[in-house]
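Notes to accompany the following structure.
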Amino acid sequence: MSRSALSSSRLPVVALLFRRAALPIVLGVGITLTGIAVALAGGDVEAGREASKTCAACHGADGNSMVPTFPSIAGQPAGYLAEQLRAFRDGNRVNALMSPQAKALTDQQILDLAAYFAAQKRVVKAASTEDSIPGAHLWKFGGHSNTVAACAACHGPQGQGNQPAGFPALRGLTPQYITESLLAYRKNERKTEHADIMVSIASKLTDDDIKDVAQHIATFR
Numbered sequence: 010m011s012r013s014a015l016s017s018s019r020l021p022v023v024a025l026l027f028r029r030a031a032l033p034i035v036l037g038v039g040i041t042l043t044g045i046a047v048a049l050a051g052g053d054v055e056a057g058r059e060a061s062k063t064c065a066a067c068h069g070a071d072g073n074s075m076v077p078t079f080p081s082i083a084g085q086p087a088g089y090l091a092e093q094l095r096a097f098r099d100g101n102r103v104n105a106l107m108s109p110q111a112k113a114l115t116d117q118q119i120l121d122l123a124a125y126f127a128a129q130k131r132v133v134k135a136a137s138t139e140d141s142i143p144g145a146h147l148w149k150f151g152g153h154s155n156t157v158a159a160c161a162a163c164h165g166p167q168g169q170g171n172q173p174a175g176f177p178a179l180r181g182l183t184p185q186y187i188t189e190s191l192l193a194y195r196k197n198e199r200k201t202e203h204a205d206i207m208v209s210i211a212s213k214l215t216d217d218d219i220k221d222v223a224q225h226i227a228t229f230r
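Residue numbers 10 to 230, in our numbering, belong to the letters of the sequence shown in order.
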């Protein structure tokens, strides 16, 4: 992404062009994931609370992680959480810690865990004061001549996500975790049910793009 493209005089034009180009994509994805969220309403929060005890060491008892390398999962859409757990269980997403943990989970246990963590309040413990102007631009408006969608279109202006549509919250996640996730998508290493959305976006991101947007996300409160 060209740094010269950050001129404030061009931002309204870029924003308008992106909105026109991205609206059909955003609407289509939103409709798809909304259906998933509705379909996953069968989880039991109390059963999920009991099953979540083994998750607490890494993700925190209420899904708010105290460890930078482990993501906070509190308040994430139930559909998104269930999709990730199924991917870990079925070997479509591989992680040395999560894959063994998820291997024995039943479909109902996955729904219960997803329902429990989705019901928890997300807490951002310490937002960064060091922002990235290119990262902020990419987040709000997209980039590369409108081939990269604005992150905010799906994840919200402040990274709060969109529970009904199934888009995960990113605020509260560390730059390290965001960077690792975007690199994994760029390498097409995550084979979740709807990974193609992020694989398509991340495949167009440069190393600087990833670094910049990860730093901007760290400023969300």
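Glycine is no exception: its CB is placed at the ideal position from the N, C-alpha and C atoms.
How long is the line joining the alpha carbons of residue i and residue j, rounded to whole angstroms?
i: residue 29; j: residue 155; result: Confidence at residue 29 is low in this model, with a pLDDT of 40, below 50, so its placement is unreliable and the value that follows should be read with caution. Looking at the two C-alpha atoms, the distance is approximately 10 Å.
i: residue 163; j: residue 119; result: 24 Å
i: residue 108; j: residue 143; result: 35 Å
i: residue 214; j: residue 221; result: 10 Å
i: residue 79; j: residue 67; result: 6 Å
i: residue 135; j: residue 226; result: 12 Å
i: residue 133; j: residue 115; result: 31 Å
i: residue 159; j: residue 97; result: 28 Å
i: residue 72; j: residue 131; result: 8 Å
i: residue 102; j: residue 201; result: 7 Å
i: residue 149; j: residue 161; result: 6 Å
Looking at the secondary structure, which residues open and close the alpha helix (DSSP H) in which residue i lies?
i: residue 216; result: 216–226
i: residue 56; result: 54–60
i: residue 164; result: 161–164
i: residue 109; result: 107–111
i: residue 99; result: 87–99
i: residue 192; result: 184–195
i: residue 123; result: 116–127
Helix, strand or coil: how does DSSP classify residue i here?
i: residue 49; result: Only weak support is given to the placement of residue 49: the predicted model assigns it a pLDDT of 49, under 50, and the value that follows is read from those uncertain coordinates. Residue 49 falls in the coil class under three-state DSSP.
i: residue 152; result: strand
i: residue 208; result: helix
i: residue 79; result: coil
i: residue 176; result: strand
On the criterion of 16 or more Cβ atoms from any shown chain inside 10 Å, does residue i qualify as buried, or is it exposed?
i: residue 92; result: buried
i: residue 141; result: buried
i: residue 74; result: buried
i: residue 184; result: buried
i: residue 218; result: buried
i: residue 205; result: exposed
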